[in-house]
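A.B. asks: Supplied in C-alpha cells, the structure appears directly below.
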Amino acid sequence: RLIRRWLPKGTKKMTPKEVAFIEKWINNYPKKCLDYKSLREDFWMANLNLKFSVRNKSRN
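Numbering (our numbering), first residue to last: 52 to 111.
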C-alpha cells in the first residue's frame, strides 16, 4: 500500500533516483505494527540484539 502513495497503477517509467527516494521513504516510515518504529530502526535493533545474543553465548 505504501508504494501506491508514490506510484499509481499504470506507472511505466521511473529513474533510479526516484526509486531510491521512494525506497528510503518507505524504510523510514513509522509503522504502527512496529510500535511506531520504522522498518530501518526495527531491522537495526533486531540485528544488534542478535549480535549481542551470539556474543554472550560464545562467552559462556
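Think of the CB as a built atom: it goes at the ideal place given N, C-alpha and C, for glycine as much as any other residue. Computed from a predicted model, the values in this text were never measured in an experiment.
1. Between the alpha carbons of I73 and I54, how many angstroms are there, rounded?
2. Going by beta carbon distance, what residues of the same chain come within less than 6 Å of P81, once the five residues before and after it are set aside?
3. In the DSSP assignment, find the alpha helix (DSSP H) that holds K68 and state where it starts and stops.
4. Secondary structure at K60, three-state DSSP: helix, strand or coil?
5. Just list the residues that DSSP pairs K82 with in beta bridges.
C.D. replies: Concretely, from the data shown:
1. Counting from 1 along the sequence shown, the entry for residue 73 is found at position 22. Counting from 1 along the sequence shown, the entry for residue 54 is found at position 3. Answer to the nearest angstrom: the Cα atoms are 8 Å apart.
2. The sequence position of residue 81 within the sequence shown is 30, counting from 1. Once the five neighbours on either side are set aside, the close Cβ partners of P81 are Y87, S89.
3. Position 17 of the sequence shown, counted from the start, is the residue given in the question as residue 68. The continuous alpha helix (DSSP H) containing K68 extends over residues 67 to 79.
4. To locate residue 60, count along the sequence shown from 1; it is residue 9. Here K60 sits in coil by DSSP.
5. The residue labelled residue 82 in the question sits at position 31 within the sequence shown. DSSP lists K88 as partners of K82.
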